[in-house]
Amino acid sequence: MKILVAVKRVIDYNVKPRVKADGTGVDLANVKMSMNPFDEIAVEEAIRLREKGKAAEIVAVSIGPAKAQETLRTALAMGADRAILVETEDEVEPLAVAKILKAIADEEQPGLVLLGKQAISDDSNQTGQMLAALMGRPQGTFANAVEVEGDSVTVKREVDGGLETVKLTLPAVVTTDLRLNEPRYASLPNIMKAKSKPLSAKTPADYGVDTAPRLKTLKVSEPPVRQAGVKVADVDELVAKIKALGIA
Ligand code: AMP
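Counting the sequence shown from 1 gives a position; our numbering is that position plus 10.
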């Protein structure tokens, strides 16, 4: 079985994003960029499935600027076999990403497509669901555990009330949650090896996908500064304060 893994280049999760002075977006100049953390988990899961003998090949895909190559090289250094960069300087929205991934899935015929549950850049949490719909295949989102057996995959999903277990017929789309695994660090020899693994360069036009935005950003602003809290002496005072707020 082949696994397709979608990896997005985003602002590193340790960096506090700065809003541009003119409110048109987030400042990306001289900011450290990395693989979206949930996508690292997706790459790790694909590698673990291959190590268990459930997958034969892992193909990593990124849609983004030329520099997204670095993100793909990271996926290759972790253990992916080859990579596809769909290069565009445009800000690509989830629907266009899903359409491109669908076209790649048509070509590659993966048994499983792994994505992160959300990209920490836009926090959309949409691409996996849209892709499953476009492919007409089952989806298991927010995966906490993934088990491939024969022609199905069992996914434990993190839902509000706890865990939900679903069994999907392959090919299927699975999106990863935080507790699925702890991604490995790429070793130096593997980083060196990754430089010679195949990486093909494409464009959205190669897949017939129009990446023109459907959404218009009106304004980007910093969240309001949090008010300082107050310390209460005891539970009685706390209860009195909550009652005074009228929420208890
Ligand atoms: P989102 O729906 O934007 O929150 O993204 C969910 C997941 O879709 C991410 O964790 C990635 O696995 C995948 N994805 C989104 N955008 C891209 C992109 N430009 N390139 C590759 N994968 C992407």
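Note that CB positions come from ideal geometry on N, CA and C, so glycine has one too. Note that the coordinates shown come from a computational prediction; the quantities given were computed from them, not determined experimentally.
C-beta atoms of residue i and residue j nearer than 8 angstroms
i, j, result
"V69", "E118", "yes"
"T221", "T98", "yes"
"V20", "N40", "no"
"E159", "D187", "no"
"M88", "A16", "no"
"R189", "N154", "yes"
Per DSSP, cross-strand counterpart(s) of residue i
i, result
"G74", "E97"
"S210", "I94"
"R167", "A153 and E174"
"E67", "K12"
"L122", "I13 and A182"
"M162", "Reading off the sequence, residue 162 comes out as Ser, not Met. Bridge partners of S162: E159 and T179."
Cβ separation of residue i and residue j, assumed to be a contact under 8 angstroms, to the nearest whole Å
i, j, result
"D49", "E67", "Not a contact, Cβ separation roughly 18 angstroms."
"L59", "A52", "Actually they are not in contact, since the Cβ atoms of L59 and A52 sit about 11 angstroms apart, beyond 8 angstroms."
"V184", "L122", "6 angstroms"
"V96", "T213", "7 angstroms"
Unbroken beta strand (DSSP E) run spanning residue i, endpoints
i, result
"N154", "Q149 to E159"
"A182", "A182 to T186"
"V41", "Looking at the DSSP string, V41 is not in any beta strand (DSSP E), and its letter there is neither H nor E."
"I21", "R19 to I21"
Host alpha helix (DSSP H) of residue i (start-end)
i, result
"R60", "P47 to E61"
"V245", "V245 to L255"
"I201", "L198 to A204"
"A142", "T137 to M145"
When the options are compared against residue i, the one with the closest alpha-carbon
i, options, result
"E232", "A204, T151, K30 and V17", "K30"
"G146", "L198, E99, K109 and V25", "K109"
"I73", "G33, I114, T34 and G89", "I114"
"P104", "T81, E80, L82 and S131", "S131"
"V25", "L124, D37, A153 and A182", "D37"
"G35", "L228, Y217 and I252", "L228"
"I201", "T84, A78 and G63", "T84"
"A182", "K226, M43, A211 and S162", "S162"
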